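A.B. asks:
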Amino acid sequence: MSRLVDLYPRAWRARYGGELLALLEERPPTLADRLDVVRGAFDARLHPQLPGGDVAPVDERSNVGRRAGWATLAGALVWLLSLVVAINGPLVRDGSDVYRDGMVAMPIFVLAMILLVVGLAATALRLPEPARVGRGAAWVAGVGLILWAMAPWVLLTGLAGVIGLAVLGLAAVRAGTWPALSLVVVVAVPAFVVAVAMGLVGGVDDGPDTWAIVFATLASIWLAVAWPLVAGRSARVPAAT
Amino acid sequence: MTQGLTELGRFAEPSLYILVALSNGPKHGYAIMTDVEEISGAPLGPGTLYGALARLERRGLIEALEPDERRRPYRLTALGATTLKAQLEGLAGFARTGLARLEEKGT
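Protein sequences, first through last, are from chains C and Y. Per the numbering used here: the first sequence ends with 241, consecutive numbering throughout. Per the numbering used here: the second sequence ends with 1107, consecutive numbering throughout.
(1) Less than 8 Å between CB atoms is the rule here; does PRO1046/Y satisfy it with respect to chain C?
(2) Could you check what DSSP says for ASP101/C in three-state terms: helix, strand or coil?
(3) Can you tell me where the beta strand (DSSP E) with GLU1063/Y in it begins and where it stops?
(4) Report the three-state DSSP secondary structure of ASP6/C (helix, strand or coil).
(5) Comparing the C-beta of ALA22/C with each C-beta of chain Y, is any distance below 8 Å?
(6) Note down, in chain order, each residue of its chain lying with its Cβ closer than 6 Å to the Cβ of ALA149/C, except the 5 sequence neighbours on either side.
(7) Run the CB neighbour count on ASP59/C, radius 10 Å, all protein chains shown included, and call it buried at 16 or more, exposed below.
(8) Taking ASP43/C as the query, report the chain Y residues whose CB atoms sit under 8 Å from its CB, ordered along the chain.
(9) Going straight from the alpha carbon of ALA1078/Y to that of PHE42/C, what length do you get?
(10) If you drop the 5 nearest sequence neighbours on each side, which residues of the same chain put their C-beta closer than 7 Å to that of VAL5/C?
(11) So which of ALA1064/Y, GLU1069/Y and THR1082/Y has the shortest CA-CA distance to PRO1026/Y?
(12) Distance check for ARG1101/Y and ALA1054/Y, CA to CA, integer angstroms please.
(13) Quick one: what's LEU91/C bridged to in DSSP?
(14) Should ASP36/C be labelled buried (16 or more other beta-carbon atoms within 10 Å of its own) or exposed?
(15) List, in chain order, every chain Y residue whose beta-carbon is nearer than 7 Å to that of ARG27/C.
(16) Please classify ARG67/C: does DSSP put it in a helix, a strand, or coil?
(17) Applying the criterion that 16 or more other CB atoms from any shown protein chain within 10 Å of the CB defines a buried residue, is GLU1057/Y buried or exposed?
(18) Looking only at DSSP bridge pairs, what is LYS1105/Y linked to?
(19) Taking the alpha carbon of THR177/C as the reference point, which residue from GLY40/C, GLY232/C, VAL133/C and LEU145/C has its own alpha carbon closest?
In structure tokens, the structure reads:
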């Protein structure tokens, strides 16, 4: 029984652990009760609600957020690395078309996207309750971007990812966990890339390496997601009822 | 239904039941749980119970009393009683409106 209670953060256990354990001993838990305790432990880690201030749990939460932020920052470097690898791939001639075979960069590309999704998950978890739209958008963004990373030619998944990212960003700005600049970046930079793809931006050479340079601007999305996490921006605390 | 507690998300409804359970005197976790199950007719999980208790205590709607061995009783604060009254009056008004409309339709 105590193993279930051990799932809760230390500060939470210090305050409520003994009571919860006594309750579980008094009324042996069903499977549903056990699942409810596991869910409660996750909730206590994500949304510490200790009376008399939440100093210890908030620190714990901030550290997790900061680690996620650093992982996301590393993702920006991994993204740039994937482009460097792709740009050094063999040139392929297909009729009049000439392009780089960037398949060797694909695992690095996917890894970069996974690190971005780590940042998105941490951003979603820091949204104050209830945050159904923001968290739903994070799911859409995460699934969309990972699928796009595995098959970049399926543009619909990338589009879903970018829309999810923008909605999550809007929720984060409203909650105060993101600066407005982060939202501007996650909306404007993909829009710029799409504009280039549609030929709306003049003066862009159509050479085989041009795409790598245009895609490099997307690294700013990793920075926009990572920075608020690394800086430890917190949500505005709602007034007491 | 539970305006004022809505910021508690999925804990809003269990919190309202807990406030009702404490409205006739202090209770510890197990007693709250059984009382809520009796009131609502649905089981209340231990994780949800303590998630809601922590939120209510943090917001000053309930307070913890001295523990009796490992059982710690909780009681409603003045703010908790005011909040509960407002919630129940809101629900009563809602019920009155709904019933009146049903009667209008029936006549």
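Where is the CB? At the ideal position from N, CA and C, for every residue including glycine. Bear in mind that the values here come from a model prediction, so they are computed numbers and not experimental data.
C.D. replies: Straight from the coordinates:
(1) Position 46 of the second sequence, counting from 1, holds the residue named residue 1046/Y. Look at PRO1046/Y: its C-beta is under 8 Å from a C-beta on chain C.
(2) Numbered from 1 along the first sequence, position 101 holds the residue referred to as residue 101/C. In the structure shown, ASP101/C sits in coil (DSSP, three-state: anything other than H, G, I, E or B).
(3) As a first step, residue 1063/Y is located in the second sequence; it is residue number 63 there, counting from the start. DSSP places GLU1063/Y inside the beta strand (DSSP E), whose first and last residues are 1062-1064.
(4) Walking along the first sequence from the start, residue 6/C turns up at place 6. In the three-state reduction of the DSSP assignment, ASP6/C falls in the coil class, being assigned neither a helical nor a strand state.
(5) Translated into the one-based positions of the first sequence, residue 22/C becomes position 22. Yes, because at least one Cβ of chain Y sits closer than 8 Å to the Cβ of ALA22/C.
(6) Here residue 149/C corresponds to residue number 149 of the first sequence, with the count starting at 1. Same-chain partners within the cutoff: PHE109, VAL110 and MET113.
(7) Residue 59/C sits at position 59 when you count from the first residue of the first sequence. Any reading at ASP59/C is ruled out, since the residue's pLDDT is 40, under 50, leaving its predicted position unreliable.
(8) In the first sequence, counting from the first residue as 1, residue 43/C sits at position 43. For the C-beta of ASP43/C, the chain Y residues within less than 8 Å are, from N- to C-terminus, GLY1047 and GLY1051.
(9) Position 78 of the second sequence, counted from the first residue, corresponds to residue 1078/Y. Position 42 of the first sequence, counted from the first residue, corresponds to residue 42/C. Cα to Cα, ALA1078/Y sits roughly 31 Å from PHE42/C.
(10) Within the first sequence, numbered from 1, the residue matching residue 5/C stands at position 5. Excluding five sequence positions before and after VAL5/C, the CB atoms of its chain that fall closer than 7 Å to its own CB belong to ARG13, GLY17, LEU20 and LEU21, given in chain order.
(11) Taking the first residue of the second sequence as position 1, residue 1026/Y is located at position 26. Nearest option by C-alpha distance: ALA1064/Y.
(12) Numbered from 1 along the second sequence, position 54 holds the residue referred to as residue 1054/Y. Numbered from 1 along the second sequence, position 101 holds the residue referred to as residue 1101/Y. Going from the Cα of ALA1054/Y to the Cα of ARG1101/Y covers about 39 Å.
(13) Position 91 of the first sequence, counting from 1, holds the residue named residue 91/C. Note: LEU91/C sits in a beta bridge opposite ARG100/C.
(14) Here residue 36/C corresponds to residue number 36 of the first sequence, with the count starting at 1. Counting other Cβ atoms within 10 Å of its Cβ, ASP36/C reaches 16 or more and is therefore classed as buried.
(15) Numbered from 1 along the first sequence, position 27 holds the residue referred to as residue 27/C. Below the 7 Å Cβ cutoff, chain Y contributes TYR1030 as neighbours of ARG27/C, in chain order.
(16) If you number the first sequence from 1, residue 67/C lands on position 67. Assigned with DSSP and collapsed to three states, ARG67/C falls in helix.
(17) The residue you call residue 1057/Y lines up with position 57 of the second sequence. By the neighbour-count criterion, in which 16 or more other beta carbons inside 10 Å mark a residue as buried, GLU1057/Y falls on the buried side.
(18) As a working note, residue 1105/Y is residue 105 in the second sequence. Residue pairing of LYS1105/Y in beta bridges, as defined by DSSP: absent, with no partner found.
(19) Residue mapping note: residue 177/C aligns to position 177 of the first sequence, counting from 1. For THR177/C, the nearest C-alpha among the options comes from GLY232/C.
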